[in-house]
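Okay, structure first, notes after.
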Amino acid sequence: MKSAPFDYLRPKTVAEASVALGRRGANTAAIAGGQSLMPMLGLRVALIDLLVDISRLDDLKLVTETLDSLWLGALTTHAAIEDGKVPDLFNGLLRRVAGQISYRAVRNHGTIGGSVALADPSADWPCCLIALDATVRIAGRGGVRVERVADFIHDSYSTTLTTGDIIVGFDIPAPKAPLRWGFAKVARKSGAFAHSIAIATQAKDGAISVVLGAAGPRPRPMTATANQLTAPASSEEQVRAAITADFDAHFADLDAYQKRMHTANILRAVREMR
Ligand SMILES: Cc1cc2nc3c(=O)[nH]c(=O)nc-3n(C[C@H](O)[C@H](O)[C@H](O)COP(=O)(O)OP(=O)(O)OC[C@H]3O[C@@H](n4cnc5c(N)ncnc54)[C@H](O)[C@@H]3O)c2cc1C
99 MKSAPFDYLR
109 PKTVAEASVA
119 LGRRGANTAA
129 IAGGQSLMPM
139 LGLRVALIDL
149 LVDISRLDDL
159 KLVTETLDSL
169 WLGALTTHAA
179 IEDGKVPDLF
189 NGLLRRVAGQ
199 ISYRAVRNHG
209 TIGGSVALAD
219 PSADWPCCLI
229 ALDATVRIAG
239 RGGVRVERVA
249 DFIHDSYSTT
259 LTTGDIIVGF
269 DIPAPKAPLR
279 WGFAKVARKS
289 GAFAHSIAIA
299 TQAKDGAISV
309 VLGAAGPRPR
319 PMTATANQLT
329 APASSEEQVR
339 AAITADFDAH
349 FADLDAYQKR
359 MHTANILRAV
369 REMR
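Residues are numbered in this note's numbering as their position in the sequence shown, beginning at 1, plus a constant of 98.
Printed below as a string of structure tokens:
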């Protein structure tokens with residue numbers, strides 16, 4: 099199928115793009131890598147009057163590293179991260195996540211900003227950025243604001259973005275020592291969206307975090323599981339009980355099969371982390 103007709107604009111600055119996206123009465127969308135939006139337009143799942151092309155805005159391409167954090171501009175592609183073209187302060191976690199997103203053709207164009215803006219429940223970056231406690235910077239008609247990615251994503255395909263908002267990039271706090279992590283993903287075939295994504299990390303002080311994605315409308319930290327794993331000499335039985343408690347708290351709709359699959363996936367990530 100072919101998309102319905104729309105106007106096209108390529109603004110030169112983020113401010114111009116924000117104004118264009120906020121045009122009164124127009125149904126507008128920003129396009130970055132186009133890997134999700136183009137199919138949606140082609141299938142007419144999305145219908146717009148104006149496409150605002152942000153893919154060449156240099157302000158969205160910045161990547162900077164400081165002692166405290168890594169800044170990734172919204173237009174950073176999955177391929178650039180996979181290829182190590184941006185610093186990975188997280189002991190290889192970013193490269194591993196990027197390299198397992200879809201196929202290389204999608205990774206060449208798809209961006210981290212587009213992935214988080216879309217907030218697909220099965221997408222990898224939201225889960226990873228929540229696990230790393232990243233913040234997102236958004237430029238909009240009301241100025242610039244910064245939010246934790248965990249608060250930015252509300253629900254399935256639902257975020258705090260409003261008309262005229264553009265994700266500028268992500269600030270990811272650097273760990274104090276080489277990060278220990280595990281990343282496990284269940285997908286029907288290589289390159290397909292995941293049925294389960296589990297990320298476990300352990301900081302220098304021993305604090306553990308576990309985030310589960312593709313199990314509900316948005317990725318959720320598995321707090322009871324993380325607490326149980328942090329406790330000395332906790333048995334696998336106790337960890338499994340904590341996982342069940344987290345399912346009840348955050349993913350109450352899972353059936354028995356899904357619970358078994360996610361539990362196995364979480365335990366794989368935890369084993370890799372240790
Ligand atoms: C076959 C296939 C398989 C895939 N498999 C996976 C997978 O396994 N895991 C995974 O995580 N993803 C997967 N994806 C999605 C892929 O990662 C996309 O690249 C990503 O979801 C969207 O990035 P994009 O830059 O292409 O965004 P676009 O398609 O350009 O835009 C997507 C949406 O985000 C908005 N947007 C884009 N950039 C911004 C911004 N800076 N500020 C505000 N809004 C913005 C757009 O308006 C649009 O609504 C897959 C895609 C395909 C086609």
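Where is the CB? At the ideal position from N, CA and C, for every residue including glycine.
Shown here, Ser307 sits in a strand according to DSSP, grouped into three states. Counting C-beta pairs closer than 8 Å gives fewer than three between the region 323 to 332 and the region 231 to 242, which falls short of the contact rule.
The alpha-carbon separation between Asp263 and Ile297 amounts to approximately 29 Å. DSSP places Ile210 in the uninterrupted alpha helix (DSSP H) bounded by 210 to 216. Closest in alpha carbon position to Pro271, among Gly280, Val234, Gly289, is Val234. The three-state secondary structure of Gly241, taken from DSSP, is strand. Relative to ligand 1, the nearest heavy atom lies less than 6 Å away from the CB of Ser213. For the pair of segments examined, the region 336 to 356 was found not to touch the region 250 to 261: the number of CB pairs separated by less than 8 Å stays below three. Rounded to the nearest angstrom, the Cβ distance from Ser200 to Gly289 is 5 Å, consistent with a contact under 8 Å. For Pro109, the secondary structure class from DSSP, reduced to helix, strand or coil, is coil. Counting the other CB atoms within 10 Å of its CB gives Val184 a total of 16 or more, which places it among the buried residues. Between ligand 1 and Leu227, a heavy atom-to-CB distance of less than 6 Å is absent.
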